[in-house]
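Step one of this worksheet: look at the structure below.
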């Protein structure tokens, strides 16, 4: 298995070469939310980053930087550090990013 293909570490010509071979792009989306007192707030991001790295390496698919903030479920108790965006906000942001990547090639 090769190393993950991280978009942020590659030069434009390297990205072009990879995309000519396979136009797919992995975009990991995590959250910053509590999962109890024993886990870090970023465990969702940590998990999707590992999954994206494994998929990128195994299938030689380009991997975009992680989007660290996603849509959280509503909790009845506030937890320090929880952060969320609205579903519509995340949807628009993803559309903008994907449109930008598509336009840039």
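Residue numbers (my numbering): 5 to 109. Backbone N, C-alpha and C define an ideal beta-carbon position, used for all residues, glycine too.
Checklist entry - Rounded C-beta distance between residue 97 and residue 29? I'm assuming under 8 Å. => result To locate residue 97, count along the chain shown from 1; it is residue 93. To locate residue 29, count along the chain shown from 1; it is residue 25. Not really, about 15 Å apart at Cβ, beyond 8 Å.
Item to check | Inter-residue spacing [alpha-carbon to alpha-carbon] between residue 109 and residue 75 | outcome: Counted from its first residue, the chain shown places residue 109 at position 105. Counted from its first residue, the chain shown places residue 75 at position 71. The alpha-carbon atoms of residue 109 and residue 75 are separated by roughly 28 Å.
Item to check | Boundaries of the alpha helix (DSSP H) in which residue 83 is found, first to last residue | outcome: In the chain shown, the residue the question calls residue 83 occupies position 79. No alpha helix (DSSP H) contains residue 83, which DSSP labels as neither H nor E.
Item to check | CA-to-CA distance, residue 101 to residue 18, given in whole angstroms | outcome: Your numbering for residue 18 matches position 14 in the chain shown. Your numbering for residue 101 matches position 97 in the chain shown. Rounded to whole angstroms, the gap between the alpha carbons of residue 18 and residue 101 is 20 Å.
Checklist entry - When the distance is taken between beta carbons, is residue 10 closer than 9 Å to residue 82? => result Looking up residue 82 in the chain shown gives position 78. Looking up residue 10 in the chain shown gives position 6. Annotated as distal: residue 82 and residue 10, with beta-carbon spacing of 9 Å or more.
Next on the checklist: I'd like to confirm the pairing. Which residues does DSSP put opposite residue 71 in its beta bridges?
Outcome noted: By one-based count along the chain shown, residue 71 stands at place 67. For residue 71, which the question treats as bridged, DSSP gives the partners 33.
Checklist entry - Assuming residue 37 and residue 26 make a contact with CB atoms under 8 Å, what is their CB distance in whole Å? => result By one-based count along the chain shown, residue 37 stands at place 33. By one-based count along the chain shown, residue 26 stands at place 22. Wrong, their Cβ atoms sit about 32 Å apart, outside the cutoff.
Item to check | Three-state secondary structure assigned by DSSP to residue 11 | outcome: If you number the chain shown from 1, residue 11 lands on position 7. Look at residue 11 here: in three-state DSSP terms it is helix.
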